[in-house]
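The listed protein sequences correspond, in order, to chains H and A. Under the UniProt record's numbering, the first residue of the first sequence carries the number 1, and numbering increases by one thereafter. Under the UniProt record's numbering, the first residue of the second sequence carries the number 1, and numbering increases by one thereafter. No residue lacks a Cβ here, since even glycine has one placed at the ideal position from N, Cα and C. Remember, it's a predicted structure, so these values are computed and weren't measured experimentally. See structure below.
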Amino acid sequence: MKYEVPVSDTKKAPFDPNSGQLIERILFNHRLIVLMIFTVLSVILAWQSSKLTINASFEKTLPTEQSYIKNYLNYETELTGLGNALRIAVANPGGSIYDAHYLELLRQLSDEVFLMPGVDRVQMKSLWTPSTRWIGITEEGLEGGPVIPEGYDGSPESLQQLKANVARSGQIGQLIAADEESTVIYMPLLNQDATGKPLDYASYSEKLEKLRAKYQEKGLDIHITGFTKVMGDLIAGVQTVIWFFVVAVIIATLMVFWYTRCVRSTGLVVFASLLAVVWQLGILPTLGYDLDPYSILVPFLVFAIGMSHGAQKMNGIMQDVGRGFDKLVAARFTFRRLFLAGLTALLADAVGFAVLLVIDIKVIQELAIAASIGVAVLIFTNLILLPILLSYVGVSTSAAQRSVVNDITSDESKKAPILWRLLDKFTQRKWATAALICGFILAAGGYYQSTYLKIGDLDQGAPELRKDSRYNQDVAFMNKHYGASSDVLAIMVKTPDGQCSQYQTLNKIDALEWQLRQLPGVESTNSLPLLSRRVLAGLNEGNPKWYEFLENQRMLNYITAGAPRGLYNNSCNLLTIYTYLEDHKADTLSRIVSHVEQFAAQNNTDDVQFLLAAGSAGIQAATNITVKEAWYNMLFLVYGAVIILSFITFRSWRAVVVAVLPLMLTSVLAEALMVQLEMGVKVATLPVIALGVGIGIDYALYILSITLMELRRGSSLSKAYLRALNFTGKVVMLTGITLSIGVITWVLSPIKFQADMGLLLAFMFLWNMLGALILLPALAHFLLKPSYANANQQEVSEARDQDVTPPQTTKAESIADASSEKTLSDTSNRPLSTSL
Amino acid sequence: MKGQGGKLGFYPIALLLLLIFSISKSQAATKDAMERAATQSDLGDHSVLLGAAYAGASLFTVGERGLILRSNDNGESWQQVPSPVSVTLTGIAFSDKNNGYAIGHSGIVLGTSNGGDSWQVKLNGQALAKQLLTEAIDDGDDQTIQEMQRLVTDGPDKPFLDLLQLGPKHLVVVGAYGLAVETKDAGKTWQSWMGRIENFFGYHLYAVRKQGDRVLIAGEQGFIALSVDNGQTFKTLESPYEGSFFTAELLSNNDLIVAGLRGNAFVSHDKGSSWEKIIDPLPASITASLISKNGQLFMSNQAGMILSLANDQLLPINHKPLPPLTHLIETSKGNLLALSISGSIPVHIGNSK
C-alpha cells in the first residue's frame, strides 16, 4: 500500500518498543527467535517438499458422486473391453506392408513389445502373434490358420500368400490399415506388473518413446495411442512447467524491481514469495497430497500474490525509511498499517478458492485446498517474515528517497502523473458516460457471444494435450487409417447372473443400438446382438441373407459362448454396448445420453437395467453434467461471497454495485473469450472464474475503500478517486500485471488445459484491473457522487469526530485506516479481536 | 343429482386414463423385431441390402432392420418407406406397379397394393407354423404332423430366402429348412409346397426361378429341384457339387444354371441330367445372379466382384473390388445396380468386357 504517513508527531519522538498491538510486540520484540522458528520450519518444509510427487491421476478428475460415474466405478473391473490398452501403429513409409524388410522389423518390434513388463501377453495381438488368424468357409465347414503363412521366408510367393490371408482374416480396419500401409500392435496392459506394483505411466511412456526412437531410426513410422501414453505425456508435460515457473519468477522480479528500483528489497520480496512456495510444496506431501497438472497452478498464484503483497509491504517501509525512520521502526509501522489490510485481502482471496470446494471433482477440491494452504502460508512469509527481514536488511537509501519524492501529498490533479489524470477523467460525466456505454456494448456483445459457450471439450483427440501434439497426431493417424474412433461411450446393461444371453434383453439392446446409430455423431456401435448378426451369417456359409439377430435362444447361447469378453463379463450379468463417436462435444454426448435415458425409462425392469456410462466419452458426458451444474452453482456462490464481502466492507449497496459490475463484465467477456478460443467449460476452466472473481475483487476493494473514505469526508469524487489512485493505483497495476505474468507463461504449456487456464486467468486479472481503474470511477460518478457521499458526509464526519470505535473493522476499514489521518497510535490501540 | 353426475363423469375419465396409461406403457417397451415398426433411418443406403425390384418407375430395395427404401431415380437416391417390422427383409417382388411383396426373417411376408407406399404383414412365422400344422392334421400324415409341431414349438426363427411373384395375388416363397409355401389370394390362405419337394434333410432353399412351365429351386449343400409342370411336382436332381447354391437361373435356351459357395457355378444343357462346371477365376461365394434384358448373365460375389458369363466362363467386369455384394438388378436405364452389405452401388456395364 502506497501511502504516506503523516509523521509530524512521531518523527522525532523516541520509539516505544512496547507500543503497537500484542502480535506486533511479540513478533518484533523477539525478532531473532521468530527468525529461528522460520528457519527451522523452512528447513523442515524444504526437506518435505523434496518428497512431493507430480502425478496425473485419472480417477481424481472424475465427479465420483455423479450417478453415471458411480455406475462406472461400480462395474469398472468388469468392463474388460475398456481395459487399459495401447495401440502401436507401425507404418511403412516406403509403401505397403507386404515388404520383407518391413515385416522383419515389425517382427522384432512385436517381440520386444511382447517382452515388455506389464503386457497381457495372452491378449496381445500383432500380425506376428499366432492368435491373428484367417478363416475361410468350405464345403465341410470352416478352415483357418495363422495370417503369417507357415514357412514364411520373405519371398514374393510368401508375401503373396500373406496378402491373401490378410484379405480373409477380417483384420482389415482392425490390425491392418485399410490402405495396407501400416499394421497395429495391440498391447493390452495389466493393472499391476509381476511384482504387484501399479503401472507407472511416466516410466512406461518413456520406454515406449525409446522403442519409438529405435524403430523410427530403422525407417518405420510409429504411432502410439492409449490411455497410458496420454498420462505419460501429461506427466512429462507437467515437468516442463517448472521452466514456466522460472520465467514467471524472472519477469515478476523485473516488474517489482522496476517498481522499487531497489535490488535489496526486490530480492527480499522474491525470497519471501519463493519461500511461501517452498512451504506450500512442503506442506502438501506432509498432508498426503501430491501435485497434479491442475494444482500445479497454485505455486504460480501463490508466488504472484506474494509478490504483490510483498511489494506493498516494502513500499511502506521504503517511504518510512525515506522519511528518516530507522529500518526497524519503519518495518514496525508498516506492519501496523498493513498487516490487517493484507490479512483481509488474503482472506478474501481464500473465499474465491473455498467456493471451489463445493465442486465434487477431486482435482478441483485439491486445487482449492492447495491454494488455501498457499494463501495461509503467505500470511506468515509475506506479512510477518518479510517486514522482520526488512527490519534487518533495510532498503537502499536512494530508492527510499525516491519513493518519498514521488509521493504526492497534495490532491491537486495538476501535480498528479499523467496516467492518473487520464484515469481521473472517468469521474466526469462525459467520460463516465462514454466508459459505461462502451462497457454496456462490451457486456451485450460478450453476453451474446457467451450464449454460444459450450460445456466440455471441443477438440478431437485427447483433450488434455494440444491439438498438434505428437499424441493427438497419432490419434488422428489411427482415426484416419483404422476408422476407429477414440471417443467411446459405453452403456452397461445389468442382468441377473448368467442371464446375459437372454433373447428379451438382447432384443432390447439390438433395438437400442440401431436407434443410437441414427443419432448424429455416432460413427459405429458394437454389442453382442450385433456380433450375433455377423456370426449367424458366418454360420450359414457366409450368406448375407442370414445377417439377422435371430429369436432363437439356443443359437444366442451358442454365439454368446464364443463371443469375446468385453461384450459381456465373466459372470454373464453385465453386457456392454459400445458407441464410437465422431467427437466428444457436449451436444453429441447429451444427444446420446438423453436417448439412452429415455430408452432405459421405457425398458428397464427389476432384472434388466440400462446404465450409463463408461468409456472415455461416457465419463466425459458425466463430467459435463457435473461441470454444467457446478458452473452455475459456482458463479452464484462466488458472486454471492463477493457481494457479501463488499457489502460488509462498504456497507452500501451502491458501492457494492460499483465494485461488482466491472467484475461481472469481466466474467461475461471471459466467457465470450472462451467461445472465441473454442474453449468449453470443463474441469480445467471451471476454477478459473472463481479464482478470477475472487482475486479480482481485491482491486475494487483497494480503490473503492479509499474513494469512499474521501467521499465521506466531503471530497469531490474526482478528488477522492485521485487520492485513491495515489495511494493504491500503482499497487493495483502492479498486482494486476504481476498476477497476469504469473500465469500467462502457461500459454506455452504442452498441456492444453493448462494453456487454457493460463490464458483465461491472465485475461481476467488484467481486465479486472482495467475494470477497477476505468469502470469503477465511471459507475461511481452515477451512483456515488451526489446522493451517497453528500448525504452521508455529515454523518460520517460526525462519527469520526467523536472517534467512535467502528462496530466492525473490515478490510476496507483497515485499508482506510492505513490511509486515514489518525495517528498511528489510534490505529494500533484498536484491539485485534474487533478487527477480525 | 349433482354428486351422482360427478361420479358418473369420473369413471369414464379414470378408465380412459387407465387405457392411455396401459397403451403408452405397452408401446414404450421394446417389442420383438417382427412386431416392431422399422426405425426411421438415414443409414438405409449404407446398410445390408438384400433385394430389389421395380414397381413401375419406382425402384424398391429391402434389407436389414426392416428397411424398405424407394428410389425414383434408379437407385441414385433413396427414401425410406414405413415398414411394420424390424426383421431383416431378404427379398422383394412386384407383379405390377401397385402389387408387391417383401419377405424376410421370422417367416415374415409383407404386402402392398398401393405401389409400396404402405406395407401390411401378410404372414409371420407363428401363423405359418399353425397353418401348416392344421394342414398336416387334415392330411393325417404322422411324420408331417410331427415336423409341423416342431415348427410351432421352434417359434418364428426361420427366414424366407427367396420369392417368386406370379400374379397380383399369387406368390411363392421359399426359405430355411425347406420352407416353401404359396398363396393365391394375396396372403389370406397359404398352401405348403413342402410335400411336393423331396428335401429329406430340410436344406435351406436359397433361390426359386420360373420360366414358362419350369420352376427351378436351388439351396443348401448342392440341393437342386426342378419342376416342368408349373410347380405341381418337383424332381430333386443329382447335384454336381456338395457345397451350397445361393442362386440359380433358367435360361431361355432351356439351360439351367446354379451357383454358390466358393465360386462354384454349373450349367446344364440337358434339363439337369448332367452339369458342366463354369470356370470362375475367383474362389469367392456367388451370392446373386441376373439375366439382363439382352440376355447377358451377370453374377456377383462376396469378394465384391461382378462377373459376366461368356462361353461357360465367368469374367470380372470391375477392376477394383466393391464391398461384399448381395444382389443385382438391372436398372430401367440399362445399367446394373449392385446391392452390398453397405448400400447400393451403381455399376456401368458399358465399359465391361
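Asked, Found
"C-beta contact flag for leucine 328 (chain A) and serine 285 (chain A) at 8 Å", "no"
"Best match in A:Ala338, A:Trp190, A:Ser268 for proximity to glutamine 302 (chain A) [C-alpha to C-alpha]", "A:Ala338"
"Local Cβ density within 10 Å of lysine 188 (chain A), reported as buried at 16 or more and exposed below that", "exposed"
"Unbroken stretches of the alpha helix (DSSP H), 4 residues or longer, contained in the segment 89-171 of chain A", "125-139, 142-154"
"CB contact check: glycine 243 (chain A) to chain H, cutoff 8 Å", "yes"
"Chain-order list of residues whose beta-carbon lies under 7 Å from that of valine 393 (chain H) (same chain, five-residue window excluded)", "Arg264, Leu268"
"Opening and closing residue of the beta strand (DSSP E) in which tryptophan 134 (chain H) lies", "133-137"
"C-alpha gap between leucine 711 (chain H) and leucine 661 (chain H), whole angstroms", "20 Å"
"Members of the segment 55-88 of chain A near chain H, C-beta cut-off 8 Å", "Glu64, Arg65, Ser86, Val87, Thr88"
"Assigned secondary structure, valine 81 (chain A) (DSSP; H/G/I helix, E/B strand, else coil)", "coil"
"Residues that alanine 178 (chain H) contacts on chain A, provided the C-beta gap is smaller than 8 Å", "In chain order: nothing, as chain A lies at least about 12 Å away."
"Short Cβ contact (8 Å threshold) for valine 173 (chain A) with valine 109 (chain A)", "yes"
"When H:Gly154, H:Leu82, H:Val351, H:Lys163 are compared against leucine 105 (chain H), the one with the closest alpha-carbon", "H:Gly154"
"First through last residue of the alpha helix (DSSP H) which encompasses methionine 231 (chain H)", "227-260"
"C-beta atoms of glutamate 678 (chain H) and glutamate 582 (chain H) nearer than 8 Å", "no"
"Top-ranked residue by Cα proximity to isoleucine 418 (chain H), from H:Gly20, H:Leu725, H:Gly374, H:Leu759", "H:Leu725"
"Neighbour flag for glycine 304 (chain A) against chain H, beta carbons, 8 Å", "no"
"Host beta strand (DSSP E) of serine 300 (chain A) (start-end)", "297-301"
"Residue environment, tyrosine 241 (chain A), which counts as buried when at least 16 other CB atoms sit within 10 Å", "buried"
"C-alpha distance - valine 656 (chain H) paired with arginine 323 (chain H), whole-angstrom precision", "36 Å"
"Residue range of the beta strand (DSSP E) that includes phenylalanine 60 (chain A)", "58-63"
"The segment 497-505 of chain H in contact with the segment 563-579 of chain H per 3-pair CB rule at 8 Å", "yes"
"is_contact[glutamate 139 (chain H), chain A] using C-beta, thresh 8 Å", "yes"
"DSSP three-state assignment for arginine 168 (chain H), whether helix, strand or coil", "coil"
"Test: glutamine 609 (chain H) CB closer than 8 Å to a CB of chain A", "no"
"Pick from A:Thr134, A:Val152, A:Asn294, A:Ser342 that is closest to serine 252 (chain A), judged by C-alpha positions", "A:Asn294"
"Neighbourhood of valine 34 (chain H) by C-beta distance below 7 Å, restricted to the same chain and skipping five residues each side", "Leu27, Ile388"
"Neighbour list for serine 41 (chain A) in chain H, Cβ cutoff strictly below 7 Å", "Gln518"
"One or two residues paired with phenylalanine 245 (chain A) in a DSSP bridge", "A:Gly260"
"Cα-Cα separation between tyrosine 75 (chain H) and leucine 62 (chain H), rounded to whole angstroms", "15 Å"
"Environment of tryptophan 134 (chain H) [buried if 16+ CB atoms lie within 10 Å]", "buried"
"Cβ neighbours of lysine 508 (chain H) in the same chain (closer than 7 Å, five flanking residues each side left out)", "Asn603"
"Nearest candidate by alpha-carbon position, reference serine 203 (chain H), set H:Met231, H:Ala194, H:Tyr215", "H:Met231"
"Chain H residues whose Cβ lies nearer than 8 Å to that of arginine 36 (chain A)", "Ala511"
"Given 8 Å, three or more beta-carbon pairs between the segment 293-304 of chain H and the segment 422-432 of chain H", "no"
"Three or more C-beta pairs below 8 Å linking the segment 234-248 of chain H and the segment 745-759 of chain H", "yes"
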